[in-house]
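Working notes, beginning with the structure itself.
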Amino acid sequence: PLGGDSPGGDSPGPSCDAGDFIEHAEFWGDVVVDGTQNLKTSASTCCEACAKIRSCRIWVWNPDTKQCWLKADERERPEPVAEGASVAWTSGVLPARKGPTVKYAPAKDVADPPPPPKCLHTVLTSSGNAYMNWQTRIMYQTYLKHAAEPGSVMKAFTRILHRGKDDELMMEVPTMRFDPNQGKCDTWCDYPVADRSLAVAQWSQTTDSMRCSHVMMVETDYIYVKSPSPHILMPPGKAIGFEYSYIYPQDLNMKRVYEEYMREHADELGRSEWKREKFALPRTGNAPSCLNVEDLRRVAPLWAEFVARTEKPEEVRKALGWLRDMYAYDAAALAVGVEHVVAPTPRTPLMAQPPADETIGDAFLLHYTWGPEIYDGKDEKLWVFDKRSYGGGQHQRGPYRLSEIPDPPRWDPAAGLQLQDFFQPRTLSESKLELIRLMIDEFNEAVGKLPRIPKGHKTLEEAQAMAA
1 PLGGDSPGGD SPGPSCDAGD FIEHAEFWGD VVVDGTQNLK TSASTCCEAC AKIRSCRIWV
61 WNPDTKQCWL KADERERPEP VAEGASVAWT SGVLPARKGP TVKYAPAKDV ADPPPPPKCL
121 HTVLTSSGNA YMNWQTRIMY QTYLKHAAEP GSVMKAFTRI LHRGKDDELM MEVPTMRFDP
181 NQGKCDTWCD YPVADRSLAV AQWSQTTDSM RCSHVMMVET DYIYVKSPSP HILMPPGKAI
241 GFEYSYIYPQ DLNMKRVYEE YMREHADELG RSEWKREKFA LPRTGNAPSC LNVEDLRRVA
301 PLWAEFVART EKPEEVRKAL GWLRDMYAYD AAALAVGVEH VVAPTPRTPL MAQPPADETI
361 GDAFLLHYTW GPEIYDGKDE KLWVFDKRSY GGGQHQRGPY RLSEIPDPPR WDPAAGLQLQ
421 DFFQPRTLSE SKLELIRLMI DEFNEAVGKL PRIPKGHKTL EEAQAMAA
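The UniProt record's numbering numbers the first residue of the sequence shown as 1 and each following residue consecutively.
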């Protein structure tokens, strides 16, 4: 990790006292480690395995099958779901672990810091799961390639990892790790991005955030295809975002959350005039976006606050769904007065999304989220690339084996090339095909530079242990 001292892993876990073991009792909870894949010879070794994982509070061991299930439970006092002589399991509950496992040098401790140089610091957020990590490796390689271009404004890269322990990419990708609110997301949870905003807010207060004047927030499934123009480095108070048509500027649920907060805190923000303004969220999200680092320091804590406020009540959480993190970012930017200039492709200077977009325009990022399928005029499938099935699918053991993607077909005006039914009209133009080809070329070039085992590990087994 950059910018401070880190123990490089979990803090010492709680001790396992045989007197605390509960025989003939079973507990439920969110699975941290699947017991069918985690056999232990005794209850003690099962407990010790739980103690090594910050998010684990409950261990359940079967003396017959040797299965050791490790589970998370956020309740103050978990209770067994079954007890008695007929229950084979031996279980235990460990105390919740609190406090940070990592510490970094805070920016506020730097006396009279000089203004940061005018440059761009790429910031990528991740929960560190194996699916996001193969994408991260590729993204970082494309960053390195284009940051090396003459005159590039890209001068720094940090992966912000919201996870309770280090992972297999700590020594390959510049990383700062921050403890998540949802410890269970180290393995699986239904909304891991809920921890993103707090991690970004914490990072923005470290000395690592002082390296450049501007921050470029990206996702793991983006790739750089060129270095951005210096024109995206906007003055304080202005930012560049990417237009998402599914964000509604007057969303009523987010309006209620926003107004409730502003009634309580507008004076603290110096925004007493907010009531006279029309409520209009920018149609964007946190990524991709480029903003002044000082503006990020104002936006990020409030972004985290709005994320928390969209989790409850239940009707707000359900209404906003997976977009609540994006809406929270937009509301935070509106609240502190950071104007986001947004535009769709091809007018945006940020990103294009093959094959939805016809051309790259002025963009320097490509987003491979659409999973293009190419068919001939007889509807025979010729080619496909979908990140969700790459490397065997989303739930493979990390680190993934990376492989190059076959080249898409060459342009042939007589072939009647077309896309899958999702796209209407289905016709695949020559320019769309060339945009797909650019994406695949950059992707494959990055794959070709990456070893099977991430940097810093001697064996695949060592890397797999860190990925677990």
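Here a beta-carbon is modelled for each residue, glycine too, at the ideal position from N, C-alpha and C.
Spatial neighbours of residue i in its chain, beta-carbon cut-off 6 Å, leaving aside the 5 residues before and after
i    : result
S245 : none
P14  : A51, L94 and P95
P346 : T359 and G361
L198 : A304
A343 : E243
Close-in-space but distant-in-sequence residues of the same chain around residue i (CB under 7 Å, 5 per side omitted)
i    : result
W89  : A25, E26, V60, W61 and N62
A96  : R57
Q394 : Y131 and R388
D407 : I440
P180 : H162, R163, G164 and D195
S431 : E358 and T359
E83  : H24 and A25
8 Å CB neighbourhood of residue i in its chain, flanking five on each side removed
i           : result
K455        : M171 and E172
P7          : Low local confidence applies: a pLDDT of 34 at P7 is under 50, so the model's placement there is unreliable, with the coordinate-based value given in what follows. So the qualifying residues of the chain are T101 and V102.
residue 547 : Residue 547 cannot be examined here, being either before or after the span of the chain that is shown, 1 to 468.
residue 471 : For the chain, the structure presents residues 1 to 468; residue 471 sits outside this window and is missing.
V384        : G371, P372, E373 and I374
M326        : Y244, I247, T284, G285 and N286
Q250        : F279, A280 and L281
Range of the contiguous beta strand (DSSP E) that encloses residue i
i    : result
C290 : S289 to N292
S91  : T90 to V93
I223 : Y222 to Y224
W59  : I58 to W61
H367 : L365 to H367
V215 : H214 to V218
Endpoints, the alpha helix (DSSP H) within which residue i is located
i    : result
T142 : A130 to A147
T243 : One point to set straight first is that residue 243 is Glu, not Thr, in the sequence displayed. Per DSSP, E243 belongs to no alpha helix (DSSP H) and is neither H nor E.
E462 : L460 to A467
H265 : L252 to L269
S44  : A43 to A51
K381 : Here K381 belongs to no alpha helix (DSSP H); instead the beta strand (DSSP E) covers K381 to V384.
Three-way DSSP call (helix, strand, coil) for residue i in this model
i    : result
A201 : helix
R159 : strand
L350 : coil
D5   : Its pLDDT being 32, under 50, D5 is placed unreliably in this model, and the value from its coordinates should be taken loosely. Of the three classes helix, strand and coil, the one that applies to D5 here is coil, per DSSP.
W322 : helix
D10  : Below a pLDDT of 50, predicted positions are generally treated as unreliable, and D10, at 42, falls in that range; the measurement from the model is reported next regardless. Reduced to three states, the DSSP call for D10 is coil.
D20  : helix
K71  : strand
W28  : coil
F178 : strand
E373 : strand
T122 : strand
V338 : coil
V87  : coil
R307 : It is Val, not Arg, that sits at residue 307 in the sequence shown. Note: V307 maps to helix in three-state DSSP.
A333 : helix
A356 : coil
V102 : coil
L450 : coil
M154 : strand
Proximity test, Cβ basis, 8 Å: residue i and chain B
i    : result
I453 : The chain labelled as chain B is not found in the depicted structure, where only one protein chain is given.
Heavy atom of the ligand NAP within 7 Å of residue i beta-carbon
i    : result
T158 : The ligand content of the structure shown is nil, which means the ligand NAP is not present either.
*Between the segment 352-364 and the segment 426-444, do at least 3 Cβ pairs fall closer than 8 Å?*
yes
*Between the segment 328-345 and the segment 294-311, do at least 3 Cβ pairs fall closer than 8 Å?*
The segment 328-345 is in contact with the segment 294-311.
*Considering only residues of the segment 379-442, which uninterrupted alpha helix (DSSP H) runs meet the minimum length of 4 residues and lie entirely inside it, listed in chain order?*
none
*Check whether the segment 337-344 touches the segment 410-417, taking contact to mean three or more Cβ pairs, one atom from each stretch, closer than 8 Å.*
no
*Do three or more CB pairs link the segment 150-161 to the segment 223-234 at distances below 8 Å?*
Short answer: they touch.
*Are the segment 101-117 and the segment 65-83 touching, with three or more C-beta to C-beta distances below 8 Å?*
no
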